[in-house]
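Read the structure below first, then the notes.
In UniProt numbering, the protein residues as written are 1 to 709.
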């Protein structure tokens, strides 16, 4: 068994019952318990059912306990008294009476603290109490004149105390500046000792922690640097918008906390339309557009990169006169009644996303980029026969080109104009984990899947090979036991987010989602089966191969009368760029079909509409297609589309579905018959047996990372 020291762990004081007091059978008042946490590799036994499956276990090393009490000096002033105990010394003295607080010769010097205190026990009205000693206190030759108070109710303890660490406890070179690209997993673990592990719910709590105070100062410095506001007097007739602090711990793709982020936002719900804002819409990239770019880059053999604009909304300009209140906890003491007049956009304002989009759009257009005709979040810079592609999603930007020099130039151009908080090879975007290799690109959501299973206590469930049984039938089950609607909807929503890279669960999730209004125990059990399947395919994802050709194709299928409640059919569609899956859907049709041909025709019309959108967006990549093949396994539906004949069995079909016939006549889409056994869209319409399901899953390009070739 091997072990390595990884980090400190700090816990805010929340209760009078803590390990030292329980061990010694004496009540103690503590502000912080600081301990070394070591990670021990467990290789002495196998993992059995019911265990987490991790090969590591946590052990608490010999720790140092610090006790902060308040003592009263001879002059009546209140002091802080810090005592450091070695656990062996404290345990050894559990039955002794000689080591009472305030009676030892080793009591360190004390310093005064503020006398103004909150009425609430355990809080400090002035914020953080900074214990800035560089290490454990040295032994004093004089005996402290203060005595520890005997009554625990008289002791006031701050909620959380940050202390600076002595140099010997710092990992690495203190003088060396570390960038994100150089940070290793071990460094991130060490960094967790210097960030708060909890997320504050209000500013009064955050002001008791130095980490959150630093985060708030960093946010306010961004406002000053970007010249966002000006302090002015309050005038009658102006709508003054409130502000609020929002606190969030930023995690990396491994789930480790790497940063405490404080965001000051405006309470936009108090804005008045026509007075404080006008236009608010700002386009964002569709998830299909992201997959377009991933598949296209993989087929062309170039890497994609990402960047994150720091405090992006603060770079946008607004036209309206907007006034906001001063930040809570940071009011100007000389002008407490003044307000800030905004000259730039502000998080929380209704027009902030549009202001930032306009700023970025105008900047890129000025640099020679052209905006996509249909996708307004795609910008292309042509350089001879080469093109630089830039896809934006609010403040997250993806870019890439076959010529690396253009990538470097664009990165420098953006860095000169905006402040960047992250830049590097694309690896984690909108919850998608992306691995780019010379053979292709692998997109998965393994981290999110693990978090999902852990959240619903399904991480140790028994795996299963399909998300839905081949003979499964779901109905309202009105006589069944009702379950928590909020929990059920949370499970469905979490699984729907996972379908961004897991189309193999699309139909199963959508089928369960139909019962959110009145979920029963049978429905929840069906949802848990999906999670059992996810536990079986934890690391699966979509594979985009570099050997894929550049051709667009679509597949459509329907399950006639599949819904047992209203007898409506389910349409299933999927679209490929070469062999790369870029779009899919599973949706119940809006009307009851009277025949199999009608349900298949409606599904083909839905597939055609998606093809037209793909054709339009792919033109911005310089890709044009004479005809797009749409594969259908029903000859009657194909004949309806090809022959404009009205008869009694088709005249009732809604006219909006007949646009398929129009585009078939124009030659944009070519309907082709496909054998049912080869119909890939079948996985989006009905339950399948394990062999059939595994075959179609492989045809979609959903593989285990070991299968990347």
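We put the CB at the ideal spot given by N, CA and C, even for glycine.
Looking from the CA of residue 380, the closest CA among 418, 293, 355 and 337 belongs to 293.
In the DSSP secondary-structure assignment, residue 386 is bridged to 383. Taking residue 368 as reference, the option from 521, 374 and 384 with the minimal CA-CA separation is 384. For residue 201, there is no enclosing beta strand (DSSP E), as DSSP gives it neither H nor E.
Rounded to the nearest angstrom, the Cβ distance from residue 388 to residue 406 is 5 Å, consistent with a contact under 8 Å. For residue 676, same chain residues with a beta-carbon under 6 Å away, outside a window of 5 residues either side, are 633 in chain order.
Unbroken beta strand (DSSP E) runs of no fewer than 3 residues, entirely contained in the region 386 to 443, are found at 386 to 393, 396 to 400, 420 to 425 and 432 to 437, following chain order.
For the set 479, 698, 532 and 231, the Cα lying nearest the Cα of residue 334 is the one of 231. For residue 359, the closest alpha carbon among the candidates 282, 530, 247 and 205 is that of 282.
Judged by DSSP in its simplified three-state form, residue 520 adopts strand.
The Cβ atoms of residue 508 and residue 468 lie closer than 7 Å to each other. Distances from the CA of residue 579 to each of 560, 700 and 305 were compared; the closest alpha carbon is that of 700. With contacts defined as CB atoms closer than 7 Å, residue 540 and residue 602 fail to qualify as a contacting pair. The three-state secondary structure of residue 704, taken from DSSP, is coil. Around the beta carbon of residue 217, a 10 Å sphere encloses fewer than 16 other beta carbons of the protein chains shown; the residue is thus reported as exposed. When the five nearest sequence neighbours on each side are left out, the beta carbons in the same chain lying within less than 7 Å of the beta carbon of residue 363 are those of 417, in order along the chain.
Of 543, 528 and 392, the smallest CA-CA separation from residue 453 is found for 528. Within the model, the alpha-carbon separation for residue 419 versus residue 213 is close to 22 Å.
Taken through DSSP and simplified to helix, strand or coil, residue 688 comes out as coil. Between the C-alpha atoms of residue 318 and residue 344 there is a straight-line separation of about 5 Å. Following the DSSP letters along the chain, one finds residue 262 inside the beta strand (DSSP E) bounded by residues 257 to 266. Take residue 476, set aside five residues on each side of it, and the residues of its chain with a beta-carbon closer than 8 Å to its own are 515, 518, 520 and 565, in chain order. Fewer than three Cβ pairs drawn from the region 221 to 238 and the region 299 to 308 lie within less than 8 Å of each other, which leaves the two stretches out of contact.
For residue 478, no alpha helix (DSSP H) encloses it, and the DSSP letter there is neither H nor E. When the alpha-carbon of residue 553 is set against those of 316, 585, 630 and 535, the nearest one is in 630. The beta-carbon separation of residue 573 and residue 588, rounded to 13 Å, does not stay under the 8 Å limit for a contact.
One alpha carbon belongs to residue 211, the other to residue 432, and they sit about 29 Å apart.
By the Cβ neighbour-count rule, residue 485 is exposed, with fewer than 16 other Cβ atoms within 10 Å of its own. Put simply, of 352, 605, 595 and 437 the residue whose alpha carbon is nearest the alpha carbon of residue 314 is 352. Here residue 430 is exposed. Its C-beta has fewer than 16 other C-beta atoms within 10 Å. Distance from the CA of residue 298 to the CA of residue 409, rounded to the nearest whole angstrom, comes to 22 Å. Here DSSP, grouped into helix, strand and coil, assigns residue 249 to strand. Apart from the 5 residues on each side of it in sequence, residue 501 sits with its Cβ closer than 7 Å to the Cβ of 432, 443, 444, 445, 541 and 542 in its chain, given in chain order.
Under DSSP, the beta-bridge partners assigned to residue 240 are 323. In this structure, the alpha-carbon of residue 378 lies about 15 Å from that of residue 615. In this structure, residue 480 lies near residue 522, with their beta-carbon atoms less than 7 Å apart.
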